[in-house]
Structure formats: structure tokens, C-alpha cells
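Written out below as C-alpha cells is the structure these notes cover.
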Amino acid sequence: MTRIPLVEAHSAAASSQRLLDTIHTAFGATPNMFRAVAHSPAALASMWGSFAALGAGVIPAALGEQIAVAVADRNACYYCLAAHTALGRKAGVSAGDLSAAQGGESSDPKTAAALRFTLKLVDDRGRISDADLSELRSAGFDDEQIVEILAHVALNLFTNYVNVAFAVPVDFPLVKQRHHG
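When we follow the numbering used here, the leftmost residue of the sequence shown carries the number 97, and every step to the right adds one.
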């Protein structure tokens with residue numbers, strides 16, 4: 097049971113209502129996470145704006161979704177694990193690659209470096225070393241991409257915390273958590 101009511105678009109504040117309509121159009125439905133966040137028009141605008149900005153960034157959608165499932169698995173966020181597995185499949189990532197990404201793993205060395213960095217950020221709460229950055233640069237990431245990876249991690253922490261803290265009902269096909277609890 098959710099700890100916070102899910103907002104219906106017709107009863108939302110006007111600014112949230114407009115965004116919920118946009119989100120509904122983008123997904124063909126209004127995912128419960130956005131309905132929970134819609135209590136705060138500022139938080140909803142922040143979340144949706146971050147998705148839009150990062151979606152237009154230099155990190156490809158496939159890598160963004162692999163980052164998302166790694167963060168979701170680490171935080172035991174079943175909502176985000178389910179949502180980003182579905183979105184990852186739509187972005188062309190195989191089920192096997194998404195499952196591996198849950199544990200921060202990939203057969204592609206560049207993706208693997210990004211996922212190791214992702215989990216280092218989460219596990220060590222942003223406390224990275226010069227060696228961590230050197231590893232990413234050696235794998236082929238430039239500073240723009242490195243900052244964007246961190247932005248993806250931060251957005252996913254926001255969404256994970258919303259869903260875990262408020263016990264938002266999962267409205268995507270469930271995915272088994274693989275690696276961390």
C-alpha cells in the first residue's frame with residue numbers, strides 16, 4: 097500500500113496537471129511514480145525535466161537504462177528495476193545485458209567501466225578517487241560524459257527514494273532483484 101496518495105491528473109495543481117498530461121502522452125499511461133511526485137509541482141517539474149534533459153544528452157539511452165537498473169538493484173527499488181528493465185528493452189538492451197547491469201557488469205568494457213563507476217558513486221556516496229576518473233577516461237569517456245553519468249545516477253537516486261520511501265505500487269512487469277539487498 098502506498099504511503100502517499102497517487103494524484104489523479106484532474107485533481108492535480110494546474111502545473112502538475114499539464115506535466116501529468118505530457119507524461120501520459122509519452123508513456124501511453126501515467127506511471128504511478130509520477131502520480132506520487134505530483135503532490136509537489138516543483139518536484140514533478142524537476143524529475144520530468146531531468147528525464148528530458150538527460151534523454152537529450154550524450155549518454156545513449158541504452159547505457160542510461162543500464163545505469164538505472166544498476167542503481168535500482170543496489171537500492172532495492174523494485175519500481176525502478178521494473179520500469180528501467182522495460183525501458184531498457186525498448187532501447188534495444190537485451191534481457192541478459194540488463195540482468196548483468198543489475199550487478200554493475202557488462203561484456204562491453206566501456207559499459208562495464210561506466211557501471212563500476214555508477215556503483216562506486218552509490219556505494220561511496222559520491223566519494224570517488226582520481227583513479228576512478230582515470231579508469232573512466234581510459235575506457236573512452238570524456239568529462240561531459242562523466243558528468244552526465246553522475247547526473248543519471250543522481251536522477252535515479254531521486255526516483256529510487258521516491259518509490260522506496262512512499263511504497264509506490266509497481267505498474268510495470270516485475271523484475272527479480274539480482275545482486276544487492
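Note that beta-carbon positions come from the ideal geometry of N, C-alpha and C, so glycine has one too.
Checklist entry - Just checking my contact of Pro269 with Ala182 at CB under 8 Å: how many whole Å lie between their CB atoms? => result Taking the first residue of the sequence shown as 1, we reach residue 269 at position 173. Taking the first residue of the sequence shown as 1, we reach residue 182 at position 86. Yes, they are in contact, since the Cβ atoms of Pro269 and Ala182 sit about 6 Å apart, within 8 Å.
Checklist entry - Considering only the beta carbon of each residue, do Met129 and Asn259 sit closer than 8 Å? => result The residue labelled residue 129 in the question sits at position 33 within the sequence shown. The residue labelled residue 259 in the question sits at position 163 within the sequence shown. Closer than 8 Å, so yes.
Item to check | Local Cβ density within 10 Å of Val243, reported as buried at 16 or more and exposed below that | outcome: Working through the sequence shown from its first residue, we reach residue 243 at position 147. Val243 counts as exposed, since fewer than 16 other C-beta atoms from the protein chains shown sit within 10 angstroms of its C-beta.
Next on the checklist: Can you look up Ser107 in the DSSP assignment and give me helix, strand or coil?
Outcome noted: Looking up residue 107 in the sequence shown gives position 11. In this structure, DSSP gives Ser107 a helical state, which the three-state scheme calls helix.
Next on the checklist: Quick test of your reading: Ala197 and Leu215, contact by CB under 8 Å. State the CB separation rounded to the nearest angstrom.
Outcome noted: In the sequence shown, counting from the first residue as 1, residue 197 sits at position 101. In the sequence shown, counting from the first residue as 1, residue 215 sits at position 119. In fact, because the Cβ distance is near 10 Å, the residues do not count as touching under 8 Å.
Checklist entry - By DSSP, does Leu102 sit in helix, in strand, or in coil? => result Translated into the one-based positions of the sequence shown, residue 102 becomes position 6. In this structure, Leu102 counts as coil in the three-state DSSP scheme.
Next on the checklist: Across the region 136-152 and the region 162-180, are there enough close Cβ pairs to call them in contact, namely three or more that are closer than 8 Å?
Outcome noted: No, because fewer than three Cβ pairs between the region 136-152 and the region 162-180 fall closer than 8 Å, the two stretches do not touch.
Checklist entry - Glu231 to Gln273, Cα distance in whole Å? => result Indexing the sequence shown from 1 puts residue 231 at position 135. Indexing the sequence shown from 1 puts residue 273 at position 177. C-alpha separation (whole angstroms): 27 Å.
Next on the checklist: Relative to the C-alpha of Asp117, which candidate in Arg99, Pro101, Ile100 and Ala141 has its C-alpha closest?
Outcome noted: The residue you call residue 117 lines up with position 21 of the sequence shown. The alpha carbon of Asp117 has as its nearest neighbour, out of Arg99, Pro101, Ile100 and Ala141, the alpha carbon of Ala141.
Item to check | Residue burial classification, Ser202 (beta-carbon count within 10 angstroms, cutoff 16) | outcome: Locating residue 202 in the sequence shown gives position 106, where the first residue counts as 1. Buried, by the Cβ-count rule.
Checklist entry - Who are the near neighbours of Gln241 in its chain, counting only those whose CB is closer than 7 Å to its CB and skipping five residues on each side? => result Mapped onto the sequence shown, residue 241 falls at position 145. Val154 and Ile155, listed in sequence order.
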